[in-house]
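*Asks:*
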Amino acid sequence: MGAEKITSKIVEDANKNAEKILAEALNEKEAILTEAKEEASTKEQAIAKKGEKDAEMTKNRILAEARLSAKKKLLEEREKTIQLTLEKLEEDLVKLPQKEEYKDILLKMIISGVYSVGGGELELLLNKKDFEIIDDSTLWALEKEMEDRLKKVTVLKKGEAKSIIGGCIIKTADQTKVSDNSLEATFERNLDSVRAKIAEMLF
1 MGAEKITSKI VEDANKNAEK ILAEALNEKE AILTEAKEEA STKEQAIAKK GEKDAEMTKN
61 RILAEARLSA KKKLLEEREK TIQLTLEKLE EDLVKLPQKE EYKDILLKMI ISGVYSVGGG
121 ELELLLNKKD FEIIDDSTLW ALEKEMEDRL KKVTVLKKGE AKSIIGGCII KTADQTKVSD
181 NSLEATFERN LDSVRAKIAE MLF
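Residues in the sequence shown are numbered consecutively from 1, following the numbering used here.
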């Protein structure tokens, strides 16, 4: 919940940095290729007396190695940019509970968790601060809304405070079903798709 919005914001902030890094990488790529061409030309002339075929093979080998080196450099810079963006995304995730829209995000995560375990008698686990946000009247309203949606009596009992950044964990009373919608668990579950989205937007 809210992951796409956060990702888009961080990716937008990272674009300038990415452009700079990639520009440097491209310049280095050109320098590598230019140097390789000069080296190839020099060696080609040096061994020209041995035969045109040998000279051409040497030239092609040097250029192929240079292209491979340049490609490797670009891939390294791309991964570096993605990693920096992910780190910024994680930093922003930690700050999310301080934002005005966080309560709405938290409510949606609770509703999603209740849906995933199927309602009924449930235990709601939050961090200490979020238990202050979800007061008894909010909890009652959530129960009523979920009963109407699921057509099933749903009771949300507050459990112990957990050491999570934010979000929620929902458990059935018999502990057989658990929905971990903590912010960190949600981030980890979506890490591959977030990486793909960052790569798509930046490159």
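Even for Gly, the Cβ is constructed at its ideal location relative to N, Cα and C. Computed from a predicted model, the values in this text were never measured in an experiment.
Do you know offhand how far Gly-119's Cα is from Leu-142's?
*Replies:* 11 Å
*Asks:* Alpha carbon to alpha carbon, how far is Ile-165 from Lys-197?
*Replies:* Cα to Cα, Ile-165 sits roughly 23 Å from Lys-197.
*Asks:* Do the segment 73-81 and the segment 176-184 make contact, defined as three or more Cβ pairs closer than 8 Å?
*Replies:* no
*Asks:* Among Glu-101, Val-117, Asn-27, which one has its Cα closest to the Cα of Lys-152?
*Replies:* Val-117
*Asks:* Note down the Cα distance separating Ala-3 from Glu-38, rounded to an integer number of angstroms.
*Replies:* Since pLDDT at Ala-3 reaches only 46, below the 50 mark, its modelled position is unreliable, and the value read off the structure follows with that caveat. Spanning the two alpha carbons is a distance of roughly 49 Å.
*Asks:* Quick check: what's the CA-CA separation for Ile-32 versus Ile-62?
*Replies:* 11 Å
*Asks:* Among Val-155, Ile-133, Lys-128, which residue has its Cα nearest to the Cα of Trp-140?
*Replies:* Val-155
*Asks:* So the beta strand (DSSP E) Ser-182 belongs to, where does it begin and stop?
*Replies:* 178-182
*Asks:* Mind listing, in chain order, the continuous beta strand (DSSP E) runs of no fewer than 3 residues lying wholly within the segment 140-182?
*Replies:* 155-158, 167-172, 178-182
*Asks:* Could you please give me the residues that DSSP links to Ile-124 through a beta bridge?
*Replies:* Note on residue identity: the sequence assigns Leu, not Ile, to residue 124. Paired residue(s): Lys-158, Ile-170.
*Asks:* Under 7 Å, do Leu-208 and Lys-157 count as touching if we go by C-beta distance?
*Replies:* Absent from the structure is residue 208, since the part of the chain shown begins at 1 and ends at 203.
*Asks:* Expressed to the nearest angstrom, what Euclidean distance is found between the alpha-carbon atoms of Glu-100 and Gly-167?
*Replies:* Roughly 15 Å separates the two Cα atoms.
*Asks:* Thr-42: which of Glu-30, Asn-60, Asn-27 sits nearest, CA to CA?
*Replies:* Asn-60
*Asks:* Judging by CA-CA distance, which residue of Ile-105, Glu-123, Asp-92 is the nearest neighbour of Thr-172?
*Replies:* Glu-123
*Asks:* Under the rule that 16 or more other beta-carbon atoms within 10 Å means buried, what is Val-114, buried or exposed?
*Replies:* buried
*Asks:* Quick one: using the 10 Å Cβ neighbour count with 16 as the cut-off for buried, is Glu-35 buried or exposed?
*Replies:* Flag for Glu-35 reads exposed.
*Asks:* Identify whether Asp-136 lies in helix, strand or coil by the three-state DSSP scheme.
*Replies:* helix
*Asks:* By a C-beta neighbour count over all protein chains shown, 10 Å radius and 16 as the cutoff for buried, is Leu-93 buried or exposed?
*Replies:* buried
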